[in-house]
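Student:
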Amino acid sequence: MPMLIHGNAEKMARLLDNLFSNASKYTSPQGKIGVTLHKREGNVELILSNTCPELSEQELLHLFDRFYRVEKSRSLRTGGAGLGLAIARRIVELHQGEIFAAYHNGMIHIHVCVAAN
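Listed below in structure tokens is the structure:
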């Protein structure tokens, strides 16, 4: 069943690129990445999940802050300046949506909710 949203195509592509890039960088080679899409109460909800070490509530609260990095050392594998998820949050906000993270069972789950068309 198609799920349509009304939004800026370039910004939505950037959002998805940032989210998938982040999941790819922070998942071990033996890890898992999962994608779930739901339509609920006039919204489309995308949940992007990936295996990762345990994150505290404090880390989850700051995950979408500019320049925040859970991994404080800048390894060659992950790199980055801590802007990807902050940009993702701004794009979702521009589309009057909501983005948040939850952690359970060895996985982080990034929830993105935007209005369905």
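If you use UniProt numbering, the sequence shown corresponds to residues 1 to 117, in order. A virtual CB, placed ideally from N, CA and C, is assigned to each residue, including glycine.
Just to check my reading of the structure: Met-107 and Ser-49 have Cβ atoms closer than 8 Å, yes? What is that Cβ distance to the nearest angstrom?
Tutor: Going by Cβ atoms, the distance from Met-107 to Ser-49 rounds to 5 Å, so yes, they are a contact pair.
Student: When the Cα atoms are used, what is the spatial distance from Lys-11 to Glu-54?
Tutor: Going from the Cα of Lys-11 to the Cα of Glu-54 covers about 30 Å.
Student: Hey, would you say His-95 sits closer than 8 Å to Gly-7, going by beta carbons?
Tutor: Yes. Within cutoff.
Student: Have a look at His-109 and Ile-47 and give me their C-alpha separation to the nearest angstrom.
Tutor: Each residue's alpha carbon lies about 6 Å from the other.
Student: Give a yes or no on whether the minimum CB-CB distance between Glu-54 and chain C is below 8 Å.
Tutor: Structure shown: chain C not included; a single protein chain is present.
Student: Name the DSSP beta bridge partners of Lys-39, please?
Tutor: Partner(s): Val-44.
Student: Could you tell me which residues DSSP pairs with Val-92 in its beta bridges?
Tutor: DSSP lists no partner for Val-92.
Student: Take the Cβ of Ala-9 as the centre, count every other Cβ of all protein chains shown within 10 Å, and call the residue buried at 16 or more, exposed below.
Tutor: Flag for Ala-9 reads exposed.
Student: Helix, strand or coil, according to DSSP, for Glu-10 in the structure here?
Tutor: Glu-10: helix per DSSP, three-state reduction.
Student: Give the DSSP bridge partners of Gly-34, in chain order.
Tutor: DSSP output for Gly-34 lists Ser-49 as bridge partner(s).
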